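So the sequence shown is numbered by full-length UniProt numbering: it starts at 1 and just counts up by one. Beta carbons: idealized from backbone N, C-alpha and C, even for Gly. These figures come from a predicted structure and were not determined experimentally.
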Amino acid sequence: MLFCCLGPLSHLLAQDKIDKYCLLINETTVKAVREQNTFKLFLGYENSLMAFKDTALLAQLKQVEKRANLVDAFNYLASLGWQYIGLTASMNSRTSFANTNLSQQYLFKRTFDRSALK
Numbered sequence: 001m002l003f004c005c006l007g008p009l010s011h012l013l014a015q016d017k018i019d020k021y022c023l024l025i026n027e028t029t030v031k032a033v034r035e036q037n038t039f040k041l042f043l044g045y046e047n048s049l050m051a052f053k054d055t056a057l058l059a060q061l062k063q064v065e066k067r068a069n070l071v072d073a074f075n076y077l078a079s080l081g082w083q084y085i086g087l088t089a090s091m092n093s094r095t096s097f098a099n100t101n102l103s104q105q106y107l108f109k110r111t112f113d114r115s116a117l118k
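The structure is reproduced here in structure tokens:
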């Protein structure tokens with residue numbers, strides 16, 4: 001009898017959740033003597049789709065762009081509750097004999113309560 005009642009209740013609770021996605025873009029420039037990483041976070045073009053009641057959340061999320069390497073960036077997003085989904089694109093271009101640019105886009109997901117959104 002208890003299981004019968006929990007089934008419909010869990011369905012109603014699931015409707016109060018929504019998944020949000022972001023891309024972590026890692027642009028790596030490999031020069032003859034060193035490698036430099038630049039991170040950018042892409043949240044989509046429609047700002048309204050990433051509108052949170054807690055405005056500090058977006059500022060906190062953007063801090064990933066200050067990380068020095070890919071492992072630190074992944075660990076930082078994981079500490080905020082984001083889950084790695086997969087690599088969505090990888091592009092490689094050579095700007096000169098000694099320089100190579102590599103751009104990779106990593107998809108992340110986090111489940112939010114609808115009440116956290118505007």
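| Query | Result |
| --- | --- |
| Got a sec: does the ligand COA put a non-hydrogen atom nearer than 8 Å to the Cβ of glycine 81? | Looking for the ligand COA in the displayed structure turns up nothing, as the structure carries no ligands at all. |
| Can you find the residues in the same chain that come closer than 8 Å, C-beta to C-beta, to phenylalanine 3, ignoring five residues on each side of it along the sequence? | In this prediction, phenylalanine 3 scores a pLDDT of 49, lower than 50, which makes its location untrustworthy; the coordinate-derived value is nonetheless stated afterwards. Closer than 8 Å at Cβ, skipping near neighbours: no residue. |
| Could you give the uninterrupted runs of the beta strand (DSSP E) lying entirely in the segment 46–113, keeping only those of 3 residues or more? | 83–94, 100–113 |
| Near leucine 117, which residues of its chain fall below 8 Å by C-beta distance, leaving aside the five closest residues on each side in sequence? | Ile18, Ala51, Phe52, Lys53 |
| Within 10 angstroms of the Cβ of alanine 73, are there 16 or more other Cβ atoms? Answer buried if so, exposed if not. | buried |
| Taking buried to mean at least 16 other C-beta atoms within 10 Å of its own C-beta, is leucine 77 buried or exposed? | buried |
| How long is the line joining the alpha carbons of threonine 29 and threonine 100, rounded to whole angstroms? | 6 Å |
| Expressed to the nearest angstrom, what Euclidean distance is found between the alpha-carbon atoms of lysine 109 and asparagine 37? | 22 Å |
| With a threshold of 16 other CB atoms inside 10 Å of the CB of valine 71, please say whether the residue is buried or exposed. | exposed |
| Where do the ends of the beta strand (DSSP E) carrying leucine 24 lie? | 17–30 |
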